[in-house]
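A.B. asks: A single structure is presented below for examination.
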Ligand SMILES: Nc1ncnc2c1ncn2[C@@H]1O[C@H](COP(=O)(O)OP(=O)(O)OP(=O)(O)O)[C@@H](O)[C@H]1O
Ligand SMILES: O=C(O)[C@H](O)CO
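In our numbering, the protein residues as written are 5 to 500.
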C-alpha cells in the first residue's frame with residue numbers, strides 16, 4: 005500500500021498537468037487564432053460578427069506580459085499586410101524563432117512589474133508610432149496584464165509614481181483602486197492613449213484580461229476606453245488608505261486637480277475593445293482535462309480578498325466536501341462555507357448547492373474531486389520576507405488544513421492537495437510561479453526545524469518553500485509563460 009507521501013507525489017504531478025492544460029488554453033497565439041480572420045480585404049473579429057475594411061496600412065502596438073506572441077500571431081494572420089508592429093514586454097520575455105523575419109519590434113522594460121526609465125522610453129516610441137498613422141490606417145492595440153507598468157508616461161516624476169503605487173499596493177488596494185490612481189497620473193492610461201491616434205483611424209483593441217470580471221477600465225489601466233471615474237475618486241482612494249501624508253506632494257497635487265478623460269469624447273467613436281481571453285477559458289480547459297479522471301468542477305472565477313480569508317475559505321470548503329463525501333449532511337459546515345465564500349467571492353458567494361450536488365455525485369461514483377477556481381487575492385505585505393500571493397496562499401492553506409485535520413477526524417480519511425499558481429509563471433517579486441499546500445506540510449516542516457507560521461507572519465513564503473524539503477520541492481518554477489489571466493487554484497480531494 006502506498007504511503008500518504010507517495011500518493012501526494014502522484015497527485016502533485018497530476019495537478020501540474022491540469023495547470024499546464026489551463027495555461028496552454030490561454031496561450032496568446034491560440035487565443036488570437038481563435039479570434040481573428042483576414043481575407044485580404046477585411047479583418048473579421050470573433051466568429052466574423054465584426055468586419056473591418058483595410059484600405060490603408062495596418063499597424064500593431066502592444067504592451068503587457070502576453071503581447072509579444074499575440075503580435076506574432078496577428079502578423080501571421082495579416083499575411084504580409086502588417087506595416088509595422090511595436091510591443092513593450094517584460095525583461096526576459098522569451099522570443100519566438102519566427103521573430104527573425106518579423107515586422108514586430110520588441111522592447112523590454114519594467115523589471116519586477118515596476119515601471120522604469122526603459123518602460124517610459126518604450127511608451128514614447130509607442131506614442132510616436134501612433135502619431136504617424138494616417139486616416140485610412142487600421143490600428144490593432146494588443147493589451148494584457150502587466151500593461152500598466154509597460155505603458156507608462158507619468159505626469160509626475162517617475163519615482164513619485166512608483167512610490168504612490170507601492171504604498172497603495174502594499175496597503176492592500178485592489179487592482180481597480182490602484183489603477184484608478186495610476187490613470188489620474190498618466191498621459192496614456194484611462195483612455196488617453198487614443199488621443200495620440202488620428203481621429204479617423206479605426207482602432208481595434210484585443211484584450212487578454214487579468215482582472216476579475218474583465219472590467220475594461222481596469223485592465224492595464226484602460227488605455228483605450230473612456231475613463232468614467234469621478235474626478236475626486238483617486239484622491240478619495242488615497243485617503244481611504246490613510247496615505248495622504250505618506251504620498252509625494254507631486255502626486256497629491258496631481259490627484260487634487262484630476263480630470264478624467266471620459267466617454268463624452270468623440271475620440272472613442274472609432275474604437276472597439278474586445279476581451280479575447282480570460283481566466284474562465286483557462287479554468288474550462290482544466291475542467292475538461294481533469295474530468296477524464298476525476299469529478300471536476302468550477303468553484304468560481306472571481307476569488308479576491310485577503311489571502312488569509314481565502315485560505316479559511318479553502319479549509320471550510322475541504323471540511324464541507326469531506327464530510328459530505330463521507331455521507332454526513334452537516335448544516336453547520338454548509339452555513340459556514342456560505343459565509344466564508346461570500347467574504348472572498350462577493351455577496352452571493354459560491355454556488356454551494358451546485359457544489360453539493362457534484363460532491364454527492366462523486367461520492368456515489370467513488371471518484372475523487374478536482375475543484376478549480378480563479379481570481380486574484382491580495383496580500384498586505386507587512387513583513388520583510390520574500391514571497392508572492394500564490395505561495396503565501398498555499399502556505400496558509402497548509403496551516404489551515406493541518407489545524408482542521410487535528411480537529412476533525414473525517415479529514416484523515418482523505419488525501420488533500422492544493423495548488424496556487426500565477427498563469428504568467430511569476431508570483432510576486434520571485435522566480436516561482438506558485439506552490440503546493442497540504443495538511444501534513446506543517447508537521448513535516450516542524451520536523452525540519454522550520455516553523456511555517458513564522459514565515460507567513462514575515463511574508464516570507466518564498467523563503468519557506470526554498471528551505472523546505474518534501475523529498476523534492478513544493479515550489480513550481482517555470483519562468484514567464486507568455487500569458488496572464490490571473491491566478492489559478494486547483495484542489496484535489498481523494499478518499500484514501
Ligand atoms: N513578500 C511577499 N509576500 C507575499 N506577497 C507579496 C510579497 N511581496 C509582494 N507580494 C504581492 O505580489 C503582488 C505583486 O506581484 P506581481 O507583480 O506578480 O503582481 P500581479 O498582480 O501578478 O501583476 P500584474 O497583474 O500586473 O500582472 C502583490 O499582490 C503583492 O501584495
Ligand atoms: O497591468 C495592470 O494594470 C494589471 O496587470 C491589471 O491589468
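Yeah, the Cβ is synthetic: ideal placement off N, Cα and C, and Gly gets one too.
Nothing here was measured: the structure is a model prediction, and the numbers come from that model.
1. Kindly list the residues whose CB is nearer than 6 Å to the CB of residue 134, restricted to its own chain and excluding five residues on each side of it in sequence; keep chain order.
2. Please write down, chain order preserved, every residue whose beta carbon lies under 6 Å from a heavy atom of ligand 2.
3. Rounded C-beta distance between residue 359 and residue 303? I'm assuming under 8 Å.
4. Taking the continuous beta strand (DSSP E) assigned at residue 418, which residues delimit it?
5. Is the beta carbon of residue 396 within less than 7 Å of some heavy atom of ligand 1?
6. Going by DSSP, which residues form a beta bridge with residue 374?
7. Relative to ligand 1, is the shortest distance from any of its heavy atoms to the C-beta of residue 257 smaller than 7 Å?
8. When the distance is taken between beta carbons, is residue 79 closer than 8 Å to residue 107?
9. Does the beta-carbon of residue 6 have 16 or more other beta-carbons within 10 angstroms, so that it is buried, or is it exposed?
10. With a 10 Å radius around its C-beta and 16 neighbouring C-beta atoms as the bar for buried, classify residue 343 as buried or exposed.
11. Given this structure, state the Cα-to-Cα distance separating residue 505 from residue 439, to the nearest angstrom.
12. Excluding the 5 residues flanking residue 39 on each side, which residues of the same chain have their C-beta closer than 8 Å to its C-beta?
13. May I ask whether a heavy atom of ligand 1 can be found less than 7 Å away from the beta carbon of residue 391?
14. Is the beta carbon of residue 430 within less than 7 Å of some heavy atom of ligand 3?
15. Could you spell out the range, first to last residue, of the beta strand (DSSP E) harbouring residue 143?
16. To the nearest angstrom, how far is the alpha carbon of residue 416 from that of residue 372?
17. Mind pulling the alpha helix (DSSP H) runs of 4 or more residues that sit fully within the segment 195 to 260?
18. Between residue 229 and the rest of its own chain, which residues show a CB-CB distance below 7 Å, the 5 nearest in sequence each way excluded?
19. Looking at residue 442: is its Cβ nearer than 8 Å to the Cβ of residue 422?
20. Mapping DSSP to helix, strand and coil, what is residue 480?
21. Could you tell me whether any non-hydrogen atom of ligand 1 is closer than 7 Å to the CB of residue 519?
22. Where residue 500 and residue 419 are concerned, what is the direct C-alpha to C-alpha distance, given to the nearest angstrom?
23. Closer than 7 Å to a non-hydrogen atom of ligand 1 - does that hold for the CB of residue 117?
24. Quick one: what does DSSP say residue 276 is sitting in, helix, strand or coil?
25. In the segment 379 to 455, which residue ranges form an unbroken alpha helix (DSSP H) of at least 4 residues, counting only runs that do not cross its ends?
26. May I ask you to verify whether the segment 398 to 410 touches the segment 333 to 351, counting CB pairs closer than 8 Å and requiring at least 3?
27. Between the segment 307 to 326 and the segment 376 to 388, do at least 3 Cβ pairs fall closer than 8 Å?
C.D. replies: On the basis of the coordinates in this document:
1. 200 and 201
2. 149, 150, 151, 152, 179, 183, 214, 215, 223, 224 and 225
3. 7 Å
4. 418 to 426
5. yes
6. 300 and 496
7. no
8. yes
9. exposed
10. exposed
11. Nothing about residue 505 can be reported from this structure: the residues present for the chain run from 5 to 500 only.
12. 49, 50, 210, 278 and 280
13. yes
14. This structure lacks ligand 3; its bound ligands are ligand 1 and ligand 2.
15. 142 to 148
16. 15 Å
17. 237 to 244 and 253 to 260
18. 195, 220, 221 and 277
19. yes
20. strand
21. The structure shown has nothing for residue 519, since the chain only spans 5 to 500.
22. 6 Å
23. yes
24. strand
25. 393 to 411 and 445 to 451
26. no
27. yes
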